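All remarks here apply to the structure that follows.
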Amino acid sequence: MALLQTTDTSALGAQGLQGNGALSRWASQHAAILILGLLLVILPAAAGEFILVQVVGWSLILGMIALSLMFLAGYGGMVSLAQMTVAGVAGYMIAVFGTSSLPAISLFWPWWVAAPIAIAIAVAFGTLAGALSARTEGIYTIMITLALASAFFYLTLQNWPIFNGFNGFTTIPAPHFLGVNWKAPVPLYYMILFFAALSYAAVVYISRTPFGLALQGVRDNPRRMEAIGYNVTAHRIAAYAFAALIAAIGGILLVWQNNQISPFSVGVNVVINILIIAVIGGLSHPIGPFIGAIIYVILRTFALDSLVAVGLDGRRFQTLIGLGFLVIVLFSPDGVIGLWRRWSARALSSRSSNNR
Amino acid sequence: MATTYSDEEIKGVKRGDALGRWIGRHPIAALVIAVVVIFALWLVLAPWPAGFENIFGKKWLFVNALFNGITLGGLYFLVASGFTLIFGLMRYVNLAHGSLYLFGGYMGYEATQWTGSWLFSFVVAFACCAVVGVAMQVLIFRRMEGEDLRQTMVTLGLSIIFSDLMVWVWGGDAIQIDTPDQLLGPMPTPIIVSVKSSGEVVFLQYARVRLVIFAAAVLIGVGMWLALHRTRIGVMIRAGVDDRDMLSVLGYRVQLLFVVVFAFGAGLAGMAGIVGGTFQSISLGEDSNFLLASLVVVIVGGLGSIPGAALGALIIGLSEQFGVVYFQNYSTVLAFVIMVIVLAIRPQGLLGRG
Amino acid sequence: MVSTRAVVAQQQQPVSSIAERMAAAGTGNAIELRGVSRFFGALAALTDITLSVRPGERRAVLGSNGAGKTTLLNCVTGDFPPTSGSVRFFGEDVTTLPPHERIRRGLRRTYQISLLFQRLTVRENVYLACRGVSRGRFSFIRTSARDSIMQSVSDLISLVHLESVADRLVGELAHGQQRQLEIALALAGAPRFILFDEPAAGLSPNERGDLVAILTALPAHIGYIIIEHDMDVALRVVESVTMMHNGRIFKEGAPHEIEADQEVQQLYLGGGNA
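Okay, here's the thing in structure tokens:
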């Protein structure tokens with residue numbers, strides 16, 4: 012089983028090209044996603060603040076950042092560990108340019124200036140990371156991006172004038188606008204849900220555009236792509252830029268949700284966790300990272316109790332995650348999505364054989 | 002009418018002298034490098050004039066940082082060479098390499114506690130890590146031949162588990178391995194630090210244990226180079242580095258070779274753990290630090306190249322120590338800046354294959 | 421049945437305006453190598469190659485294994501640069517240009533071992549090739565079925581008789597069909613010169629006949645160099661031959677001259693071949 016399977020394209024089959032086709036046909040093909048979307052939208056009616064923001068909201072944000080990794084890895088064949096770092100750059104920059112508890116450093120510019128600047132800087136960083144890794148082969152990319160991520164960690168740890176070193180920033184609230192206090196749980200949740208859904212839709216759409224198709228060609232056969240006229244390096248860097256955009260938005264949402272940022276938000280452990288989330292969910296479809304994220308968050312939130320219940324030391328959460336990750340990589344490298352596919356294929360075939 | 006070429010024109014393969022041609026094609030670069038080397042030699046060997054010291058600080062600081070950097074480079078070489086060897090032959094980016102370093106350090110510490118012998122602890126550390134390496138190769142990697150990405154992911158999962166288990170057993174405190182008595186204390190060196198007004202020359206006194214370990218690292222490095230270039234196994238390894246498929250097609254016992262190389266690389270990392278525990282200390286988080294150090298060293302020096310690992314280790318060790326002395330808050334970042342520059346100019350590393 | 425001429429004429433114009441100007445000027449040689457050498461370490465794969473091919477000329481480059489044919493091809497396409505010497509394409513010095521730039525100036529190539537996108541369909545493979553030499557490579561807008569590029573894609577697929585498998589994954593095709601697809605990729609856009617790397621490799625006698633038919637039916641303005649082991653196929657589709665040996669050019673001439681030449685026979689045919 013390949014770790015990076017074919018991603019769902021069928022971009023130029025009869026259906027794909029006709030775009031919309033019949034709305035009802037599209038709806039029935041995507042029933043699962045639609046139901047999930049509906050549930051997420053009505054969730055605030057049933058769930059309290061903790062579940063809404065700390066569990067589901069956090070999962071959606073982690074899912075977004077992991078989505079940016081999945082885009083690069085699944086469609087581009089490039090496993091970049093720098094995505095969480097890009098998010099961290101955006102998070103730090105909005106603290107520096109916007110509001111925080113440190114008037115000595117923060118500029119207190121309004122959110123509609125600070126946020127775009129933060130995103131721009133983060134995208135620039137992500138593109139730079141891409142430029143450095145684009146000419147290298149797959150595994151080398153992991154090494155380089157990991158090294159870049161830890162470089163940023165050390166920078167934030169050791170630099171005080173801009174990053175406030177060890178302490179980082181606190182009190183970075185989501186803004187008021189359009190008469191809504193977006194810092195409150197329900198509005199915050201809907202803002203997170205909106206951007207998560209938007210980035211999901213963007214990735215799904217882009218995968219079937221000339222750019223997306225070319226990227227998959229670059230993944231499968233970069234030499235051939237050069238030989239039919241594509242500038243492979245340019246495509247890869249462009250992919251990094253697009254992924255950085257998603258990660259940057261995720262980073263800002265993370266800071267607004269968490270209300271703080273410090274070097275330990277961008278440490279090597281966190282950076283690797285994003286990869287784990289993406290792989291556990293599955294790298295072959297954009298819903299994978301979100302599945303991985305909710306699994307991770309649920310484990311993380313309830314691990315202590317469940318480990319103790321089985322008689323183990325509650326602090327061994329990392330071992331649990333590591334084992335889960337290992338199991339997935341060894342037995343179902345295409346993650347939970349792969350398990351789902353195989354299970355539903357078997358269910359369908361057994362149902363059809365029962366009907367004979 | 003068909004044109005024909007004479008026999009002389011067709012015969013033979015022209016052999017070129019690589020270094021001579023390089024100098025011929027880059028005369029200016031060669032001159033610049035020569036000047037830099039001569040200046041560096043003067044800096045180290047000659048006493049510094051007073052005016053120079055006013056600007057750049059005491060020579061003692063400089064020379065100390067130099068020796069610290071070189072010996073630290075020796076430690077980095079020990080860790081990174083195993084990493085680069087494993088990647089060079091088997092194309093695994095072994096992200097559990099840092100865990101092996103830490104495990105070796107802990108086991109070595111236990112061995113010194115148990116037997117009191119510093120030297121014996123190296124044997125113990127090597128053996129333990131080699132066993133783990135063999136287990137990893139045989140039980141896991143052999144079943145995933147050719148799936149580079151997947152293998153790397155597995156090492157990642159293993160490193161997370163190992164790390165957590167080690168915290169469970171040894172806790173979070175820093176542990177230091179005692180230097181054996183014979184190696185304690187300073188040793189005189191022929192490097193001039195300053196000249197007193199009385200005319201007496203002051204020489205640098207440097208920690209004996211660090212010099213001994215550096216010498217050992219050099220010996221190991223030379224030994225590895227000799228093994229790679231002069232023994233039959235070495236030829237097989239180098240051939241495998243160039244073309245793995247060809248090697249198995251030729252019928253060599255590739256799997257056995259992989260196990261041996263992995264065990265050796267792992268054992269080396271384990272021994273480096275003892276060195277680190279003696280130089281500095283070992284504790285939770287050091288596995289990450291040394292994995293990252295290996296990554297940076299190997300990116301700078303070139304993946305799959307032992308001389309590259311040596312060069313990279315030296316550069317990174319020096320940059321870190323000089324950074325601590327002269328650039329206070331940015332010592333670690335300096336190493337990464339060097340890495341980024343190398344990546345931008347020569348992505349395959351300084352001594353990496355093109 | 422779609423005629424090759426019509427299909428190729430309909431292809432979208434080359435993106436590079438340089439290419440258009442050069443085509444208008446109609447200058448000199450299509451491909452010109454001067455003093456090209458290529459070393460791999462101490463091994464000289466190519467030594468002092470000087471070669472000219474006119475626009476529209478059909479040339480075979482023959483030689484045994486290790487003669488340097490594929491290395492020569494790679495230098496022309498830009499897969500790696502020559503150690504010394506220069507490469508000119510329609511008068512323009514392309515020695516240091518990356519492959520994709522040369523492709524956009526009208527150069528094309530096929531591979532000895534099919535380098536196709538196994539996990540994409542035939543149609544998607546051809547689409548990529550057409551898109552690669554036209555505008556909109558980075559487009560974020562999906563291609564609709566009515567876009568003119570899709571017509572070019574369909575025509576190319578018909579040209580190489582792959583209509584029946586157009587929506588199958590390449591990985592499921594037979595070897596001969598994959599080789600046909602290779603050729604379709606090379607005909608995408610407005611090629612001015614094609615390099616065929618052992619196109620007959622692994623083909624049955626019937627399929628070889630098809631290959632010869634496709635090659636001879638190409639429009640007159642498209643020149644090509646064909647590298648081959650199989651003298652039979654090669655000599656039937658070209659007007660001139662370059663023979664290589666040990667990294668050097670050994671002989672050049674018309675097909676019948678080469679066939680009849682004593683030295684060639686000794687080296688490659690092991691004795692008489694009347």
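Chains as they are written, first to last, in the numbering used here: chain C, 12 to 367; chain R, 2 to 355; chain Z, 421 to 694.
Virtual Cβ for every residue (Gly too), placed ideally from N, Cα, C.
Since the model is a prediction, treat every value here as computed from it, not as a measurement.
Residues of the stretch 244–272 of chain C whose Cβ lies closer than 7 Å to any Cβ of chain Z, in chain order
A249
For a contact defined as C-beta to C-beta under 7 Å, what are the partners of Z:G490 on chain C?
Taking the first residue of the third sequence as 1, we reach residue 490 of chain Z at position 70. Just to set this straight, residue 490 of chain Z is Thr in the shown sequence, not Gly. Chain C residues near Z:T490: none, gap ~14 Å exceeds 7 Å.
Select from the stretch 606–628 of chain Z all residues with a C-beta closer than 8 Å to any C-beta belonging to chain C, and list them in chain order.
A608, G609
Which runs of the alpha helix (DSSP H) spanning at least 4 residues fall entirely within the stretch 617–678 of chain Z, listed in chain order?
625–636, 651–656
Please give me, in chain order, every unbroken run of the alpha helix (DSSP H) with length at least 4 that falls completely inside the stretch 190–259 of chain R.
Taken in chain order, the whole alpha helix (DSSP H) runs of length 4 or more contained in the stretch 190–259 of chain R are 209–231, 233–243, 245–250.
Within the same chain, show all residues whose beta-carbon is closer than 6 Å to that of Z:T503, passing over the 5 residues directly before and after it, in chain order.
Against the third sequence, residue 503 of chain Z aligns to sequence position 83. Only S457, R458, F459 meet the Cβ criterion.
Measuring only between beta-carbons, confirm whether R:S82 sits less than 8 Å from chain C.
The sequence position of residue 82 of chain R within the second sequence is 81, counting from 1. Chain C, which has no Cβ nearer than 8 Å to the Cβ of R:S82, makes this no.
Residues in the stretch 475–508 of chain Z having any Cβ partner in chain C nearer than 9 Å:
T497, G498, D499
Compare the Cα-Cα distances from C:F164 to each of R:N290, R:A66, R:V38, R:A270 and report the closest residue.
Position 153 of the first sequence, counted from the start, is the residue given in the question as residue 164 of chain C. Answer by Cα proximity: R:N290.
At what residue ranges does the stretch 101–143 of chain C contain a whole run of the beta strand (DSSP E), taking only runs of 3 or more?
none
Less than 7 Å between C-beta atoms, sequence neighbours within five positions excluded: which residues of the same chain meet that for R:V325?
What you label residue 325 of chain R is simply residue 324 of the second sequence in a count that begins at 1. So the list reads S332, once near-sequence residues are dropped.
Proximity winner among R:P348, R:S284, R:V45, R:W43, relative to R:G173 (alpha-carbon distances)
As a first step, residue 173 of chain R must be located in the second sequence, where it is residue number 172. Checking every option, the nearest Cα to that of R:G173 belongs to R:S284.
C:L78 and C:Y211 look like a contact to me (Cβ under 8 Å); what is the Cβ gap, rounded to whole Å?
Within the first sequence, the letter at position 67 stands for residue 78 of chain C. Within the first sequence, the letter at position 200 stands for residue 211 of chain C. For a cut-off of 8 Å, the C-beta gap from C:L78 to C:Y211 is around 7 Å, short enough to register as a contact.
Beta carbon proximity, R:Y331 to chain A, threshold 8 Å:
Although the question refers to chain A, the structure presented lacks it and instead comprises the protein chains C, R and Z.
Residues of chain R with CB closer than 8 Å to the CB of C:Q329, please, in chain order.
Residue numbering aside, residue 329 of chain C sits at position 318 when the first sequence is read from its first letter. The contacting residues are I161, I162, S164, D165.
Endpoints, the beta strand (DSSP E) within which Z:A465 is located
Here residue 465 of chain Z refers to the residue found at position 45 of the third sequence. Looking at the DSSP string, the run of the beta strand (DSSP E) that includes Z:A465 is 463–473.
Paired residues, beta bridge with Z:R479 - DSSP
For the purposes of this step, residue 479 of chain Z is taken as the residue at position 59 of the third sequence. Paired residue(s): Z:I645, Z:S660.
Go through its chain and collect everything with a Cβ distance to R:R151's Cβ below 7 Å, but skip five positions before and after it.
Mapped onto the second sequence, residue 151 of chain R falls at position 150. These residues qualify, in order along the chain: M145.
If contact means a Cβ-Cβ distance below 7 Å, which residues of the stretch 553–581 of chain Z contact chain C?
V553, G556, R557, F558, S559, F560, I561, R562, T563, S564, A565
Buried/exposed call for C:P385, threshold 16 Cβ in 10 Å
Any question about residue 385 of chain C goes unanswered here, given that chain C covers just 12 to 367.
With C-beta atoms as the reference, is R:F323 less than 8 Å away from R:G70?
Counting from one through the second sequence, the residue named residue 323 of chain R turns up at place 322. Counting from one through the second sequence, the residue named residue 70 of chain R turns up at place 69. A contact, by the Cβ cut-off of 8 Å.
If you count every other CB in all the chains shown that lies within 10 Å of the CB of C:R357, and 16 or more means buried, which is it?
Locating residue 357 of chain C in the first sequence gives position 346, counting from the first residue. Counting Cβ neighbours within 10 Å, C:R357 comes out exposed, since fewer than 16 surround it.
So does the stretch 129–136 of chain R actually touch the stretch 290–308 of chain R, counting three or more Cβ pairs closer than 8 Å?
no
Could you tell me which of Z:V514, Z:F500, Z:D499 sits nearest to Z:S506, measuring between CA atoms?
Here residue 506 of chain Z is taken as the residue at index 86 of the third sequence, counted from 1. Here the closest residue by C-alpha is Z:V514.
For Z:L589, the residue or residues it bridges with in DSSP:
The sequence position of residue 589 of chain Z within the third sequence is 169, counting from 1. Looking at the DSSP assignment, Z:L589 forms a beta bridge with Z:T541.
Taking the alpha carbon of C:V229 as the reference point, which residue from C:A57, C:G85, C:S70 has its own alpha carbon closest?
Your numbering for residue 229 of chain C matches position 218 in the first sequence. Measuring from the Cα of C:V229, the nearest candidate turns out to be C:G85.
Reduced DSSP category for C:I183 - H, G, I as helix; E, B as strand; rest coil
The residue given as residue 183 of chain C occupies position 172 in the first sequence. In this structure, C:I183 counts as coil in the three-state DSSP scheme.
Considering only DSSP beta bridges, list what Z:R528 is partnered with.
On the third sequence, position 108 is the one that residue 528 of chain Z refers to. The partner list for Z:R528 (beta bridge, DSSP) reads Z:I614.
With a threshold of 8 Å between beta carbons, is R:S7 in contact with chain C?
Translated into positions along the second sequence, residue 7 of chain R becomes position 6. For R:S7, the pLDDT reaches just 43, beneath the cut-off of 50, and the residue's location in the model is therefore unreliable, leaving the point undetermined.
Cut-off 7 Å between Cβ atoms - residues of its own chain near C:V214, not counting five sequence neighbours on either side
To locate residue 214 of chain C, count along the first sequence from 1; it is residue 203. Answer for C:V214: L78, F82, P297, listed in chain order.
Classification of C:W69 by the beta-carbon crowding that lies within 10 angstroms, buried from 16 upward
In the first sequence, residue 69 of chain C corresponds to position 58, counting from 1. By the neighbour-count rule (16 or more Cβ atoms within 10 Å), C:W69 is buried.
Quick test of your reading: Z:G598 and Z:V585, contact by CB under 8 Å. State the CB separation rounded to the nearest angstrom.
For the purposes of this step, residue 598 of chain Z is identified with residue 178 of the third sequence, where counting begins at 1. For the purposes of this step, residue 585 of chain Z is identified with residue 165 of the third sequence, where counting begins at 1. Checking the sequence shown, residue 598 of chain Z turns out to be Gln, not Gly. About 10 Å separates the two Cβ atoms, so there is no contact after all.
Since C:F275 is in the beta strand (DSSP E), which residue starts that stretch and which ends it?
Residue 275 of chain C sits at position 264 when you count from the first residue of the first sequence. Element bounds for C:F275: n/a, residue is neither H nor E.
If you draw a straight line from the alpha carbon of C:G141 to that of C:G74, how long is it in whole angstroms?
If you number the first sequence from 1, residue 141 of chain C lands on position 130. If you number the first sequence from 1, residue 74 of chain C lands on position 63. The alpha-carbon atoms of C:G141 and C:G74 are separated by roughly 21 Å.
Are there three or more Cβ pairs, one per stretch, closer than 8 Å when the stretch 617–634 of chain Z is compared with the stretch 560–573 of chain Z?
no
Measuring alpha carbon to alpha carbon, tell me which of C:F119, C:M89, C:N178, C:I291 ends up nearest C:S276.
Here residue 276 of chain C refers to the residue found at position 265 of the first sequence. The candidate whose alpha carbon is nearest that of C:S276 is C:N178.
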